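Enquirer: Each residue of the sequence shown is one higher than the one before, counting from 11 in this note's numbering.
Virtual Cβ for every residue (Gly too), placed ideally from N, Cα, C.
Computed from a predicted structure; not experimentally measured.
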Amino acid sequence: MTNIAEHVPVIRNLTRHVGVSDMVTTLHTDIHVLDAPPLHDAAVALESSGYMDRDRLFRAVAASLRPEGWFGIEEHFLVDASWGPFIDDYYKTHLGTVSEYTRAAEAAGFVLEHDEEPWSQPAPHPAPAHTACRPAR
Ligand SMILES: C[S@@+](CC[C@H](N)C(=O)[O-])C[C@H]1O[C@@H](n2cnc3c(N)ncnc32)[C@H](O)[C@@H]1O
């Protein structure tokens, strides 16, 4: 899924090139208005959630997952929120802290299952981390 129309032919070329085009459906839409049925086993957002409204993101994904489905996120999370405006201005993002994500995820019915931060020492700047959550039973 991408909200950038120009990405669609690029994705189709790539999937054709590596022989998986029959396994990949490309969807041009905005996650904020996604209305997908609850048929999906898993969703993943790789360095894209930082551009999105987290409340709407988690609500849309929760509505698209089966009851035991998973949502995995890899993102740069703010450690010191005071860095937000500087980084967001450069990347045109809307980065958040892990706790901001967790609040939005819980509000949409998710439970945090796994939170991995590869940095051994907390960094003051946004640090990449992996989180995974599933809808609460
Ligand atoms: C930094 S790129 C990451 C692309 C890819 N996930 C990767 O890891 O190479 C951020 C991507 O987020 C996606 N994105 C941002 N806002 C979006 C939205 N509102 N709805 C759907 N996709 C969005 C766009 O496809 C954009 O290319």
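In chain order, what residues of the same chain lie with their CB nearer than 7 Å to the CB of Ala118, ignoring the 5 residues before and after it?
Expert: If we look at Ala118 and ignore the five residues flanking it on each side, its Cβ neighbours are Phe68, Arg69, Ala72.
Enquirer: For Phe5, does the count of other Cβ atoms within 10 angstroms reach 16, so buried, or fall short, so exposed?
Expert: Outside the displayed span of the chain (11 to 147) sits residue 5, for which this structure offers no information.
Enquirer: Please confirm if the stretch 104-116 is in contact with the stretch 55-65, defined as three or more CB-CB distances below 8 Å between the two stretches.
Expert: Contact between the stretch 104-116 and the stretch 55-65 is present, because at least three Cβ pairs lie under 8 Å.
Enquirer: If you measure from each CB to the nearest heavy atom of ligand 1 and keep those under 6 Å, what residues do you get, in chain order?
Expert: Output, sorted by chain position: Met11, Thr12, Asn13, Ile14, His17, Asp40, Ile41, His42, Leu56, Glu57, Ser58, Tyr61, Met62.
Enquirer: The beta strand (DSSP E) that contains Ile83, what's its start and end?
Expert: 75-87 is the extent of the beta strand (DSSP E) around Ile83.
Enquirer: What is the DSSP secondary structure of His104, counted as helix, strand or coil?
Expert: If DSSP states are grouped into helix, strand and coil, His104 belongs with coil.
Enquirer: Going by the DSSP bridge assignment, what does Thr25 pair with across the sheet?
Expert: In DSSP, Thr25 forms no bridge with anything.
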